[in-house]
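J.:
Residue numbers (mature numbering (1 follows the signal peptide of the UniProt record, and there is no 0)): -25 to -1, 1 to 111.
#1: On the premise that residue 91 lies in contact with residue 56, defined as a C-beta separation below 8 Å, what is that separation, rounded to the nearest angstrom?
#2: Once DSSP output is grouped into helix, strand and coil, what is the label at residue 117?
#3: Specify the secondary structure class of residue 24 as computed by DSSP and reduced to three states.
#4: Buried or exposed, going by whether 16 or more other CB atoms sit within 10 Å of the CB of residue 93?
#5: Grab me the residues of residue 38's own chain with a C-beta within less than 8 Å of its C-beta, minus the 5 sequence neighbours each way, in chain order.
#6: Classify residue 43 as helix, strand or coil using the three-state DSSP reduction.
#7: What is the DSSP secondary structure of residue 69, counted as helix, strand or coil?
#8: Below 8 Å on the Cβ atoms is my contact criterion, and I expect residue 31 with residue 19 to pass it. Report the Cβ-Cβ distance as a whole number of Å.
#9: Rounded to whole angstroms, what's the CA-CA distance from residue 73 to residue 88? Just pull it up for me.
#10: Output needed for residue 16: all residues of its chain with C-beta closer than 7 Å, excluding positions within five of it in sequence on either side, in chain order.
#11: Once the 5 residues before and after residue 46 are set aside, which same chain residues still bring their CB inside 7 Å of it?
#12: With burial defined as no fewer than 16 other Cβ atoms inside 10 Å of the residue's Cβ, what is the status of residue 44: buried or exposed?
#13: Any idea if residue 101 is buried or exposed, counting beta-carbon neighbours within 10 angstroms, 16 or more meaning buried?
#14: Counting C-beta neighbours from all protein chains within 10 Å, is the total for residue 103 16 or more, i.e. buried, or is it exposed?
Here is the structure:
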């Protein structure tokens, strides 16, 4: 039964990677980052916060000089790959615990696998959202 659960979990994770469901709102392309910083900069100027203005201007300059949508996509894809590796490691850890039969260790490793799986799903969603936005 536990082996079947692990197989099903693997299938669900792969389905998520293949279909790449919709993303969460924190994912931003370069133009979004620029607009967000400009909005914060305007607010800082309205309130005379020179220290904040200086920091936001540096951030804006860096975004404009270095940010590319392809770079943002590359970073998101890297996050997905790293999350997939983490899930694989956690899966192996759980399988080892199952073979040893320690109930406490099994539950701990199962919880860690679930956390890693949620992170993979979030990273996959983020990548999908970015790809969809660039496709539009």
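Using N, Cα and C, we set each Cβ at its ideal position, and we do this for glycine too.
Just so we're clear, the structure is a prediction, and the values are computed from it rather than from any experiment.
T.: Working from what's here:
#1: If you number the chain shown from 1, residue 56 lands on position 81. If you number the chain shown from 1, residue 91 lands on position 116. Actually they are not in contact, since the Cβ atoms of residue 56 and residue 91 sit about 13 Å apart, beyond 8 Å.
#2: The question about residue 117 has no answer, for the chain in this structure spans -25 to 111.
#3: Here residue 24 corresponds to residue number 49 of the chain shown, with the count starting at 1. It is coil, neither helix nor strand.
#4: The residue given as residue 93 occupies position 118 in the chain shown. Residue 93 counts as exposed, since fewer than 16 other C-beta atoms from the protein chains shown sit within 10 angstroms of its C-beta.
#5: As a first step, residue 38 is located in the chain shown; it is residue number 63 there, counting from the start. Counting only Cβ-Cβ distances below 8 Å, and skipping sequence neighbours, we find 5, 8, 9 and 12.
#6: Indexing the chain shown from 1 puts residue 43 at position 68. In this structure, residue 43 counts as coil in the three-state DSSP scheme.
#7: By 1-based counting over the chain shown, the position of residue 69 is 94. Correct three-state label for residue 69: helix.
#8: Taking the first residue of the chain shown as position 1, residue 31 is located at position 56. Taking the first residue of the chain shown as position 1, residue 19 is located at position 44. Between residue 19 and residue 31 the Cβ distance is about 6 Å, and since that is below 8 Å, they are a contact.
#9: On the chain shown, position 98 is the one that residue 73 refers to. On the chain shown, position 113 is the one that residue 88 refers to. The alpha-carbon atoms of residue 73 and residue 88 are separated by roughly 13 Å.
#10: Start at 1 with the first residue of the chain shown, and residue 16 comes out as number 41. So the qualifying residues of the chain are 28, 31, 32 and 35.
#11: Counting from one through the chain shown, the residue named residue 46 turns up at place 71. Same-chain partners within the cutoff: there are none.
#12: By 1-based counting over the chain shown, the position of residue 44 is 69. Flag for residue 44 reads exposed.
#13: Taking the first residue of the chain shown as position 1, residue 101 is located at position 126. Buried, because 16 or more other Cβ atoms sit within 10 Å of the Cβ of residue 101.
#14: Here residue 103 refers to the residue found at position 128 of the chain shown. Label assigned to residue 103: buried.
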